[in-house]
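Numbering (UniProt numbering), first residue to last: 1 to 208.
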């Protein structure tokens with residue numbers, strides 16, 4: 001199944017000078033969601049209008065509800081397959097007027113069904129200096145490989161695993177002997193700063 005305008009209509013605007021309506025997708029704690037809420041809450045050109053969780057018990061759901069954001073759960077177990085889920089997800093996002101989709105700890109691959117509905121409008125934050133260490137446990141991969149530098153990448157999402165075009169990156173030296181948990185803690189403040197910065201830059205037209 002692929003996306004078609006007859007099924008979903010059109011996505012919202014992402015134009016400099018207009019308020020860009022953003023949806024955030026997350027599966028877990030939602031610390032990046034909270035960073036977006038805190039950073040963009042009073043932003044004149046960005047509005048977080050929708051939040052999607054991949055499971056009912058995701059703590060991020062509570063954060064979004066506390067911020068007064070419209071929320072919905074799209075658990076793939078409730079659908080025949082992933083493309084069917086993504087079709088319903090895309091339709092709901094479009095109904096919310098969303099123009100930009102931000103993955104903030106969304107732990108599932110998205111299919112072309114959704115990506116075609118939001119061409120070059122789906123953004124992800126990943127805890128590595130891509131193209132190094134894509135996929136799950138990127139920080140653990142870096143530590144195990146003896147990497148000297150680690151970092152955070154914000155990139156566009158395609159059908160591959162962390163293969164989309166890089167929008168922003170920031171790296172730091174990995175302290176000798178640091179564990180994966182310690183390295184992840186070092187990266188978290190960078191994620192919380194870089195992701196809102198990238199979203200704001202996209203909305204303002206400074207990134208394209």
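Each residue gets a CB set at the ideal place from its N, CA and C atoms; glycine is no exception.
On a CA-only basis, which of the options is nearest residue i? Give me that one, please.
i	options	result
residue 25	97, 77, 191, 64	64
residue 174	151, 193, 201	151
residue 29	88, 57, 23	57
residue 55	79, 49, 142	79
residue 176	189, 163, 148, 157	148
residue 141	188, 184, 89	184
residue 139	95, 118, 62, 188	188
residue 118	41, 159, 82, 144	159
residue 31	42, 43, 62	62
residue 164	120, 144, 42	120
Can you check DSSP and say which residues form a bridge with residue i?
i	result
residue 168	154
residue 71	51
residue 24	51, 102
residue 149	173
residue 124	103, 155
residue 46	20
Please state if the CB of residue j and the CB of residue i are separated by a distance shorter than 9 Å.
i	j	result
residue 115	residue 122	yes
residue 97	residue 33	no
residue 191	residue 35	yes
residue 207	residue 198	yes
residue 166	residue 154	yes
residue 20	residue 45	yes
residue 60	residue 93	no
residue 89	residue 200	no
residue 214	residue 109	Because the chain here runs from 1 to 208, residue 214 falls outside it and cannot be looked at.
residue 91	residue 52	no
What's the C-alpha gap between residue i and residue j?
i	j	result
residue 133	residue 107	16 Å
residue 13	residue 180	For residue 13, the predicted structure reports a pLDDT of 46, less than 50, and the residue's modelled location is therefore unreliable. A value from the coordinates is still provided. For residue 13 and residue 180, the distance between alpha carbons rounds to 40 Å.
residue 124	residue 196	11 Å
residue 111	residue 127	22 Å
residue 47	residue 38	12 Å
residue 203	residue 146	37 Å
residue 178	residue 135	21 Å
residue 137	residue 87	28 Å
residue 16	residue 43	Below a pLDDT of 50, predicted positions are generally treated as unreliable, and residue 16, at 45, falls in that range; no measurement from the model is reported.
residue 95	residue 67	20 Å
residue 113	residue 161	16 Å
residue 144	residue 205	38 Å
Please tell me whether residue i has its Cβ less than 9 Å away from any Cβ of chain B.
i	result
residue 155	Here chain B cannot be found, since the structure has a single protein chain.
Is there contact here, the stretch 68-79 with the stretch 99-107, by at least three beta-carbon pairs under 8 Å? The stretch 68-79 is not in contact with the stretch 99-107.
Taking contact to mean 3 or more Cβ pairs, one atom from each stretch, closer than 8 Å, check whether the stretch 164-184 and the stretch 73-89 are in contact. No, because fewer than three Cβ pairs between the stretch 164-184 and the stretch 73-89 fall closer than 8 Å, the two stretches do not touch.
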